[in-house]
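Here is the structure we will look at.
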Amino acid sequence: MKKQFIVLFSLLTMAITASAQKEYKISKTNGQLNLHVAGAIVEGYSGNEIIFSLPAGETEKVDERAKGLRVISGSGFVDNSGLGLDISEKGTEVNVNVVNKKIDGVLTIKVPQNIKVTFANQSSIYQEDIILKNLKNELEISTSYNKIKLENNTGPMNIKSLYGSIDASFVEPIKGPVSIVSVYGHVDVSLPVSVKANVDLSTSYGKLYAADGLKIALEKNVAEEKPKDEDLITTIKSATNEALLISGLKSGSGTIISNNKNIRVANGIAVYGGRSSEDIKGKINGGGANFILKSNYDNVYLRVK
Numbered sequence: 005m006k007k008q009f010i011v012l013f014s015l016l017t018m019a020i021t022a023s024a025q026k027e028y029k030i031s032k033t034n035g036q037l038n039l040h041v042a043g044a045i046v047e048g049y050s051g052n053e054i055i056f057s058l059p060a061g062e063t064e065k066v067d068e069r070a071k072g073l074r075v076i077s078g079s080g081f082v083d084n085s086g087l088g089l090d091i092s093e094k095g096t097e098v099n100v101n102v103v104n105k106k107i108d109g110v111l112t113i114k115v116p117q118n119i120k121v122t123f124a125n126q127s128s129i130y131q132e133d134i135i136l137k138n139l140k141n142e143l144e145i146s147t148s149y150n151k152i153k154l155e156n157n158t159g160p161m162n163i164k165s166l167y168g169s170i171d172a173s174f175v176e177p178i179k180g181p182v183s184i185v186s187v188y189g190h191v192d193v194s195l196p197v198s199v200k201a202n203v204d205l206s207t208s209y210g211k212l213y214a215a216d217g218l219k220i221a222l223e224k225n226v227a228e229e230k231p232k233d234e235d236l237i238t239t240i241k242s243a244t245n246e247a248l249l250i251s252g253l254k255s256g257s258g259t260i261i262s263n264n265k266n267i268r269v270a271n272g273i274a275v276y277g278g279r280s281s282e283d284i285k286g287k288i289n290g291g292g293a294n295f296i297l298k299s300n301y302d303n304v305y306l307r308v309k
């Protein structure tokens, strides 16, 4: 009796959950899904349909005047899904656009494993978190402000964000190349300790961090191979764009002489040619899939999963 009650309760729960969601489905097992939305949760599964869903909304207001009509916008997109989305097919590709820039609720998309996913959002106003998980085909993401979270995807992938942070956690097998780049946000990546990878880590103004459990065999830094007395700078410009020659610069200081006889000679000018960027290349467990992890203005973290 108790077992029957549990089964009945589970069925009722599933029915209530289903009724609390709005869905739109497309039969598709391969091809490419192009997303132009503010944010979404995209999850791979072993099905044969792309399933778009939104919570129904408990207090959704019905506009009586809009009955028999559908939402349109100056963009030319039309809500043909009932979710505030314009969803269209062109050849092997499915294109998804928001009709009115923003939709209510968290958009969830279930995607068959053989479908490539692209995501683009350059809006500075409308942006939500992007979560992509359990996807086994190629990913291409380009955003301005979105925070991006990657969970258990195999790659290959090309992930770029201008201001948003990027957090990624991988499981094996991993198919390269993998490129994860944020200009102003951090990049935080977790890899299995047994992964075989070629890693290229870099930051211009931040720091690089790596777990001790990841044994990275570093390549020799090219900068260290330069002779110590090699000139750091050969030419500089004056305020009037006049070329100036540097004489006797070996250790970072020397004499600057103007090309123009009427210009003063400046002696003992200190010149600093150092850079603050950090670049590390190396192999983990002998090398394998190629990883590029970069943040220009923030830190890069490489962890053991």
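Here the numbering used here is used: the first residue of the sequence shown is 5, the next is one more, and so on. By construction, the Cβ of each residue, glycine as well, lies at the ideal position given by its N, Cα and C atoms.
The C-beta distance from A293 to A201 rounds to 5 Å, short enough to fall under 8 Å.
Here S183 has N162 and I296 as same chain residues with Cβ atoms under 6 Å from its own Cβ, once five neighbours each way along the sequence are excluded. C-alpha of D192 to C-alpha of I107: approximately 29 Å in a straight line. In its chain, beyond the 5 residues on either side, L37, V46, E47, G48, Y49, I54, V121 and L139 have a beta carbon closer than 8 Å to the beta carbon of V115. When DSSP states are grouped into helix, strand and coil, R74 belongs to the coil group. By the criterion of a C-beta distance shorter than 6 Å, N101 is surrounded in its chain by H40, F81 and D90, once the five residues flanking it on both sides are discounted. Nearest Cα to G51 within the set V203, V308, G210 and K29: K29. By the Cβ neighbour-count rule, Y209 is exposed, with fewer than 16 other Cβ atoms within 10 Å of its own. Following the DSSP letters along the chain, one finds S206 inside the beta strand (DSSP E) bounded by residues A201 to T207.
Around the beta carbon of N34, a 10 Å sphere encloses fewer than 16 other beta carbons of the protein chains shown; the residue is thus reported as exposed. In this structure, the straight-line span from the alpha carbon of L87 to that of V98 is close to 16 Å. Straight-line spacing of the CA atoms in V304 and D204 works out to 11 Å. For V197 against V308, the beta-carbon gap comes to about 5 Å, under 8 Å, which counts as contact. For K29, the enclosing beta strand (DSSP E) covers residues Q25 to S31. Under the three-state reduction of DSSP, E223 is assigned to coil, being neither helix nor strand. Secondary structure of E155 (DSSP, three-state): strand. In this structure, S127 places its C-beta atom within 8 Å of the C-beta atom of A42.
By the beta-carbon neighbour count (other beta carbons within 10 angstroms, threshold 16), A172 is buried. Looking from the CA of G180, the closest CA among K164, K151 and L143 belongs to L143. Each residue's CA atom was taken as its position, placing I170 and I284 some 19 Å apart. Per DSSP, reduced to three states, the secondary structure at E68 is helical.
For the 8 Å CB-CB criterion, K298 and V199 do not form a contact. Our two residues, I178 and E68, have alpha carbons roughly 52 Å apart in a direct line. In this structure, the straight-line span from the alpha carbon of F56 to that of S85 is close to 9 Å. Under the three-state reduction of DSSP output, K106 falls in the coil class, being neither helix nor strand. N118 sits in coil when the DSSP states are folded into three classes, being neither helix nor strand. Membership of S173 in the beta strand (DSSP E) is indicated by the continuous run I170 to S173.
Distance from the CA atom of G95 to the CA atom of L166, rounded to whole angstroms, is 31 Å. Put simply, of I288, L111, Q117 and K105 the residue whose alpha carbon is nearest the alpha carbon of I129 is K105. Annotation: L218 is outside any beta strand (DSSP E) and is labelled neither H nor E by DSSP.
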